[in-house]
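Beneath this line is the structure, given in structure tokens, with notes to follow.
Number of protein chains: 2
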Amino acid sequence: MTPGLRIIPLGGAAEIGKNCTVVEQGEDIVIIDCGLSFPNEEQYGVDIIVPDFTYLVENRDRIRGLFLTHAHEDHVGALPYFLRQLNVPIYATEFTHAMIRQKLEEKTDVHSLDLRTLKPGDKVACGQLSVEPIRVTHSIPDTMAMAVRTSFGIVLFTADFKLDFTPIDGKKTDMSRLAALADEGVLVLLSDSTNVDRPGWSPSEREVSGAYQKFFSTAPGRILITMFASNIHRMQQAFDVALATGRKVAVAGRRMENTIDVCSRYGHLRVPTGVRIRLDDIGNYRPEQLVILTTGSQGEPMSALVQMSREEYGRMKVLPGDTILYSARPIPGNEAAIWRTVNRLFRLGAVVIYENAGAPIHVSGHAYQEELKTMINLTSPFYLAPVHGEPRHQHQYLEFARKMGYPEHRLFSMADGLPLCFDEERAWLGEPVPSGRMLVDNGGQPGVPDEIMRDRTNLANEGLVMVIAKLDIEKGELVEDLELDTKGLFASEKELANILSVVQSELQRWPRADLQDAGLVRSSISDEMRRHLSRRLKLRPIIVPVVIEV
Amino acid sequence: MTPGLRIIPLGGAAEIGKNCTVVEQGEDIVIIDCGLSFPNEEQYGVDIIVPDFTYLVENRDRIRGLFLTHAHEDHVGALPYFLRQLNVPIYATEFTHAMIRQKLEEKTDVHSLDLRTLKPGDKVACGQLSVEPIRVTHSIPDTMAMAVRTSFGIVLFTADFKLDFTPIDGKKTDMSRLAALADEGVLVLLSDSTNVDRPGWSPSEREVSGAYQKFFSTAPGRILITMFASNIHRMQQAFDVALATGRKVAVAGRRMENTIDVCSRYGHLRVPTGVRIRLDDIGNYRPEQLVILTTGSQGEPMSALVQMSREEYGRMKVLPGDTILYSARPIPGNEAAIWRTVNRLFRLGAVVIYENAGAPIHVSGHAYQEELKTMINLTSPFYLAPVHGEPRHQHQYLEFARKMGYPEHRLFSMADGLPLCFDEERAWLGEPVPSGRMLVDNGGQPGVPDEIMRDRTNLANEGLVMVIAKLDIEKGELVEDLELDTKGLFASEKELANILSVVQSELQRWPRADLQDAGLVRSSISDEMRRHLSRRLKLRPIIVPVVIEV
Chain U
1 MTPGLRIIPL GGAAEIGKNC TVVEQGEDIV IIDCGLSFPN EEQYGVDIIV
51 PDFTYLVENR DRIRGLFLTH AHEDHVGALP YFLRQLNVPI YATEFTHAMI
101 RQKLEEKTDV HSLDLRTLKP GDKVACGQLS VEPIRVTHSI PDTMAMAVRT
151 SFGIVLFTAD FKLDFTPIDG KKTDMSRLAA LADEGVLVLL SDSTNVDRPG
201 WSPSEREVSG AYQKFFSTAP GRILITMFAS NIHRMQQAFD VALATGRKVA
251 VAGRRMENTI DVCSRYGHLR VPTGVRIRLD DIGNYRPEQL VILTTGSQGE
301 PMSALVQMSR EEYGRMKVLP GDTILYSARP IPGNEAAIWR TVNRLFRLGA
351 VVIYENAGAP IHVSGHAYQE ELKTMINLTS PFYLAPVHGE PRHQHQYLEF
401 ARKMGYPEHR LFSMADGLPL CFDEERAWLG EPVPSGRMLV DNGGQPGVPD
451 EIMRDRTNLA NEGLVMVIAK LDIEKGELVE DLELDTKGLF ASEKELANIL
501 SVVQSELQRW PRADLQDAGL VRSSISDEMR RHLSRRLKLR PIIVPVVIEV
Chain B
1 MTPGLRIIPL GGAAEIGKNC TVVEQGEDIV IIDCGLSFPN EEQYGVDIIV
51 PDFTYLVENR DRIRGLFLTH AHEDHVGALP YFLRQLNVPI YATEFTHAMI
101 RQKLEEKTDV HSLDLRTLKP GDKVACGQLS VEPIRVTHSI PDTMAMAVRT
151 SFGIVLFTAD FKLDFTPIDG KKTDMSRLAA LADEGVLVLL SDSTNVDRPG
201 WSPSEREVSG AYQKFFSTAP GRILITMFAS NIHRMQQAFD VALATGRKVA
251 VAGRRMENTI DVCSRYGHLR VPTGVRIRLD DIGNYRPEQL VILTTGSQGE
301 PMSALVQMSR EEYGRMKVLP GDTILYSARP IPGNEAAIWR TVNRLFRLGA
351 VVIYENAGAP IHVSGHAYQE ELKTMINLTS PFYLAPVHGE PRHQHQYLEF
401 ARKMGYPEHR LFSMADGLPL CFDEERAWLG EPVPSGRMLV DNGGQPGVPD
451 EIMRDRTNLA NEGLVMVIAK LDIEKGELVE DLELDTKGLF ASEKELANIL
501 SVVQSELQRW PRADLQDAGL VRSSISDEMR RHLSRRLKLR PIIVPVVIEV
């Protein structure tokens, strides 16, 4: 039995402790979230990135449950990979379950899963531990902070949150419950720190209605709004303002349509009667009667809006007179793709609104500085360990904490795989456990090895050269001239032919015995091609010698 | 003789008319700038992008001169490629010449070039045209607007500019000369529009001194400052504030050192006596006595700062207690790489300052909204054609112009290769001329074709499969089992072997005559492999069948 208490973020995102975190005491483990992250621009051919669950697999018997804070991909998207290795009770609100079920159904036998519904106020016993969800506000309904009770005190995960006093669904952060935890004793607060560099207090989601109101009532033609497919509060506002301004709403993008269906079914989205129309029917309305909700706010190549910008979307075209609202922030790394899309849309004659011109068309779902401090003050944790941010965010969060009077020994910068350990007297960062990130290939298989990633980088930037040699092993001679094929390499045929003939002449000067050694011929062709390509043409492709023995 | 006057941006950057623009009247052509742009994250293996100079080569006899507005890469960096095809008089200030000479010397016989020195106030006759440089302020010394006199009026290129009333070198924009042009008659203003979405007036470059002052005097340890290697005014401030605060300055990064040498030689940088030290000598000083200037503000993998962040830079290490100032803005597309570097630096224990915390550590070199309007008002052009911006910037600039009273027929959104034509009565966009962008391969060769770029995309994302078949053509049979090799493909050996044996079985069922047709075997292997890989494994690699006839 492991003494003490440990909290371990398991790798994945650049943001520490975003995707998956383990709390363990003695024989009991609870897991908070099971999310994915997205590859960066250098991770070629990678679809998504999921945590390495080795530590959980090795300790599977101790797992009492997986608790999902909310239905965003970076908190639930690794479930299909988790479920290949582990089947444990999955606790989430009815809404979060509904959202994950629609995706899991494509990949998993959902009926075999042990899905358990969570409501604010529940206290789920997990051996010595117990978990209580507490409502917070965020950009998706039914987001829950998780209070994990341990014999050392409460471990409080804020989840992604903001303190929105006028949320669209009326369901405010349960501040009194959070305050009550302080009386009970919060050992450590693992707080969202995403927006720690933004001063003040985040605007309420409701502010967006004002901006929509302005554009819906003044735009001379159609309004297109692009946003995250899961941003249900935002969609609600679009529907409501459309009703108020006499516009109809169509939806372009399969994921967004699915989300709207699920949310309508569970009462999280109230589509006013008569407002929604089919995308194929937009031709029956005048431009100024229309709003079209669409995916593609991050410049995703296969999204509806990006395809429209390329004039490749079959179901509708962007037209001069359209006003297009970017109702989402660029995720770092997507900026260039987004600007390319915006420029194409301008060239098609649309007016694209991508910044807050007075009225915000986007507000963040994450707490700003004063909200983060409010959370600290409200819950009075003994230790602070900011999460959901990159190292730069952790640093800034801890700077605030110092100003709020926290001494150094109560502050921790967590890192993936590094347990934050507690005993009766103190806390410390312990020895690493197996952790890291698994790259999931575009083909769907997790675990792309480093070697293949390196090959892809080389192939992308340098291309590949195949050299085919037919070798009569018995006689020890080349049967024909060397042949060459290239992919992704930019060099003149003449230059390549020259290099090939130099390599061939070298081989032909070899003693017969050496030419009877296919392995030696193979490695020599490789070395010589590499040397000449690099020296003469400054090219460093992957070289594949194919030696055929005849 | 071509009647009328034409202005033609020649392609390259996403920003229209940034790299190279042609002015032609009758038998005379002048060229403004000759710059490069950088590849986006999807342009694998591409080093830089230069304009396609075909139109200029076709009209070489009419070219009277190339005028360089300033020494930034996006205005001069395509010269080595231009000079392979064209040798024309190159007009630039002494400083701009010095900056380009150091780079051209690596690639060109500089002595064969016709370099001519330009001073503000010069009027260079170019046939019917003449060109006058007029000083403007920007983030590099001796930036010149270019007034091209034509028989239709003055074509005024602002160059990259801002209106800085307290420039570091004291050389202000020559507003009275610009105003005098208005009296003479400005036909069309081709204005910088980069910062058209920023309200107000850009802060003076001198504001940075205040921020440096604050950090130099309060930081407990070393200060590292990363900035563009060409930002000489910024370096001047670092040296001056270092002198005032008793710090020494070392430089890490070859390009920055070269620039400092050139600028010191021409008097554009005044390094105070005793302030500069060698990087290898920093060990002789206490941390709080040091400032280190370094490249890498854009997350460039080979730059000094990025290598330091990876602990791979041989000449110095980042240490706990270092304060690192990002004194540059992220160029869109570089954000993700920059954040990765920043996070690594935080993990090494440094404090990274990347945003203006009260005092700006970076100010833009481009005019904000009110400066852009000032330029319009000052020069009273008849037509407006904003350049140096993307379509989204052109759109916003023209919106301002409308509010300033410009009617629609006096406003133009230019596009690469599309001539803006003038006669005595009107202006219009004419038929396109040959233009576009040439991708320069990492190996240095320009003109990477689309096909190779497509192959690189496929190789990067899907990998490659080679299948080797030995065929006895006379007998019409496979001599051995098919063999397979892959690069960058993620699939289990077993799955691949299964697919290979299915393909082989299919071949073996063929009639003998078909197996005597190597071309047919080749295409069948390709088709069948593609079909099975896609259907069974959802993989779509490039397939290279190698059929060896024995």
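If you read the sequences in order, they're chains U and B. Under our numbering, the first residue of the first sequence is numbered 1, with each subsequent residue one higher. Under our numbering, the first residue of the second sequence is numbered 1, with each subsequent residue one higher. For every residue, glycine included, the Cβ atom is placed at its ideal position computed from N, Cα and C. Computed from a predicted structure; not experimentally measured.
Integer-rounded CB distance, given that N87(B) should sit under 8 angstroms from Y368(B): In the second sequence, counting from the first residue as 1, residue 368(B) sits at position 368. In the second sequence, counting from the first residue as 1, residue 87(B) sits at position 87. That pair is no contact at about 39 angstroms.
Straight-line Cα distance separating G253(B) from L156(B): Within the second sequence, residue 156(B) is the residue found at index 156, counting from 1. Within the second sequence, residue 253(B) is the residue found at index 253, counting from 1. Looking at the two C-alpha atoms, the distance is approximately 37 angstroms.
Cβ contact check for the segment 57 to 72 of chain B and the segment 176 to 194 of chain B: 3 or more pairs under 8 angstroms: no
Cβ contact (3+ pairs, closer than 8 angstroms) linking the segment 269 to 281 of chain U and the segment 242 to 252 of chain U: Three or more beta-carbon pairs separated by less than 8 angstroms link the segment 269 to 281 of chain U to the segment 242 to 252 of chain U, which places the two stretches in contact.
Assumed close pair L293(B), I282(B) - CB separation to whole angstroms, cut-off 8 angstroms: Looking up residue 293(B) in the second sequence gives position 293. Looking up residue 282(B) in the second sequence gives position 282. About 12 angstroms separates the two Cβ atoms, so there is no contact after all.
Contact the segment 455 to 468 of chain B vs the segment 500 to 511 of chain U: 3+ CB pairs below 8 angstroms: no
Cβ-Cβ distance between D160(U) and H72(U) below 8 angstroms: The residue given as residue 160(U) occupies position 160 in the first sequence. The residue given as residue 72(U) occupies position 72 in the first sequence. In contact: D160(U) and H72(U) (Cβ atoms closer than 8 angstroms).
Test: V188(B) CB closer than 8 angstroms to a CB of chain U: In the second sequence, the residue the question calls residue 188(B) occupies position 188. Output row for V188(B): interface = no.
Chain-ordered chain B contacts of A385(U) [CB-CB under 9 angstroms]: The residue you call residue 385(U) lines up with position 385 of the first sequence. In chain order: nothing, as chain B lies at least about 16 angstroms away.
Partner residues on chain B for Y406(U), Cβ-Cβ distance less than 9 angstroms: Within the first sequence, the letter at position 406 stands for residue 406(U). Here the premise fails: no neighbours, minimum Cβ distance about 18 angstroms.
Buried versus exposed, by CB contacts within 10 Å (16 or more), E236(U): By 1-based counting over the first sequence, the position of residue 236(U) is 236. Checking the displayed sequence, the identity of residue 236(U) turns out to be Gln instead of Glu. Q236(U) is buried by the Cβ-count criterion.
Under the three-state DSSP convention, the category M414(U) falls into: The residue labelled residue 414(U) in the question sits at position 414 within the first sequence. Taken through DSSP and simplified to helix, strand or coil, M414(U) comes out as coil.
Any 3 or more C-beta pairs closer than 8 angstroms across the segment 34 to 54 of chain B and the segment 76 to 84 of chain B: Below 8 angstroms, enough C-beta pairs join the segment 34 to 54 of chain B and the segment 76 to 84 of chain B to call them touching: three or more.
Rounded C-alpha distance that separates M414(U) from L429(U): Locating residue 414(U) in the first sequence gives position 414, counting from the first residue. Locating residue 429(U) in the first sequence gives position 429, counting from the first residue. Near 8 angstroms, if we compare the C-alpha coordinates of L429(U) and M414(U).
For A359(B), the three-state DSSP class (helix, strand or coil): Stepping through the second sequence from its first residue, residue 359(B) is reached at position 359. Here A359(B) carries a strand assignment [DSSP, helix/strand/coil].
C-beta neighbour in chain B for K162(U), strict 8 angstroms: What you label residue 162(U) is simply residue 162 of the first sequence in a count that begins at 1. Judged by the 8 angstroms Cβ criterion, K162(U) is not in contact with chain B.
Which of helix, strand or coil DSSP assigns to I543(B): In the second sequence, residue 543(B) corresponds to position 543, counting from 1. Residue state, collapsed to three classes: strand.
Run of the beta strand (DSSP E) containing V421(B), from where it starts to where it stops: Position 421 of the second sequence, counted from the first residue, corresponds to residue 421(B). First, the amino acid is wrong: residue 421(B) is Cys here, not Val. Run containing C421(B): L420 to F422, per the beta strand (DSSP E) assignment.
Proximal residues of chain B, C-beta to C-beta of I548(U) below 9 angstroms: What you label residue 548(U) is simply residue 548 of the first sequence in a count that begins at 1. Listed along chain B, the residues sitting closer than 9 angstroms to I548(U) by beta-carbon distance are I468, K470, V546, I548 and V550.
Cβ-based contacts, 9 angstroms cut-off: residues of the segment 332 to 352 of chain B near chain U: Under the 9 angstroms Cβ criterion, the segment 332 to 352 of chain B contributes P332, G333, N334, E335, A336, A337, I338, W339, R340, V342, N343, R344, L345, F346, R347, V351 and V352.
Check: L459(B) C-beta below 7 angstroms from any heavy atom of the ligand ATP: No copy of the ligand ATP appears in this structure; indeed no ligand is present at all.
Neighbourhood of M1(U) by C-beta distance below 8 angstroms, restricted to the same chain and skipping five residues each side: As a first step, residue 1(U) is located in the first sequence; it is residue number 1 there, counting from the start. Because the pLDDT of M1(U) is 44, which lies under 50, any placement of that residue in the model is unreliable, and the number read from its coordinates should be weighed accordingly. Cβ neighbours of M1(U) beyond the five flanking positions: G26 and E27.
Residues near G153(U) by beta carbon distance below 6 angstroms, same chain, minus five either side: Counting from 1 along the first sequence, the entry for residue 153(U) is found at position 153. If we look at G153(U) and ignore the five residues flanking it on each side, its Cβ neighbours are G185 and L187.
Length of the line joining the Cα atoms of T166(U) and P332(B): As a working mapping, residue 166(U) is identified with position 166 in the first sequence. As a working mapping, residue 332(B) is identified with position 332 in the second sequence. Cα-Cα distance, rounded: 35 angstroms.
Under 8 angstroms between C-beta atoms of D164(B) and S204(B): For the purposes of this step, residue 164(B) is taken as the residue at position 164 of the second sequence. For the purposes of this step, residue 204(B) is taken as the residue at position 204 of the second sequence. Yes, the Cβ-Cβ distance between D164(B) and S204(B) is below 8 angstroms.
Residue closest to L348(B), alpha-carbon to alpha-carbon, out of A359(B), E370(B) and V306(B): Reading the second sequence from its first residue, position 348 is the one you call residue 348(B). Comparing Cα-Cα distances from L348(B) to each of A359(B), E370(B) and V306(B), the minimum goes to V306(B).
Cβ-Cβ distance between L279(B) and M316(B) below 8 angstroms: Numbered from 1 along the second sequence, position 279 holds the residue referred to as residue 279(B). Numbered from 1 along the second sequence, position 316 holds the residue referred to as residue 316(B). Remark: C-beta atoms of L279(B) and M316(B) approach each other more closely than 8 angstroms.
Run of the alpha helix (DSSP H) containing E132(U), from where it starts to where it stops: What you label residue 132(U) is simply residue 132 of the first sequence in a count that begins at 1. Run containing E132(U): none in the alpha helix (DSSP H); it sits in the beta strand (DSSP E), L129 to V136.
Interface residues of chain B facing P391(U) [CB-CB closer than 9 angstroms]: Residue mapping note: residue 391(U) aligns to position 391 of the first sequence, counting from 1. V342, N343, R344, L345, F346 and R347, listed in chain order.
Partner residues on chain U for F490(B), Cβ-Cβ distance less than 7 angstroms: For the purposes of this step, residue 490(B) is identified with residue 490 of the second sequence, where counting begins at 1. Ordered by position in chain U, the residues that pass the 7 angstroms Cβ test against F490(B) are D441, G443, Q445, V448 and I452.
Segments of 3+ residues assigned as beta strand (DSSP E) that fall wholly inside the segment 178 to 218 of chain U: 186 to 190
Extent of the continuous alpha helix (DSSP H) run through T259(B): Numbered from 1 along the second sequence, position 259 holds the residue referred to as residue 259(B). T259(B) -> alpha helix (DSSP H) spans R254 to R265.
Exposure of L319(U), with buried meaning 16 or more beta-carbon neighbours within 10 Å: Here residue 319(U) refers to the residue found at position 319 of the first sequence. With fewer than 16 Cβ atoms within 10 Å of its Cβ, L319(U) is classed as exposed.
Cβ neighbours of K554(B) in the same chain (closer than 6 angstroms, five flanking residues each side left out): Residue 554(B) falls outside the range modelled here, since chain B spans only 1 to 550, and no answer is possible.
Interface flag, K538(U) vs chain B, CB-CB below 8 angstroms: For the purposes of this step, residue 538(U) is taken as residue 538 along the first sequence, with counting starting at 1. Interface residue, yes.
Within 7 angstroms of chain U by C-beta, residues of the segment 45 to 61 of chain B in sequence order: G45
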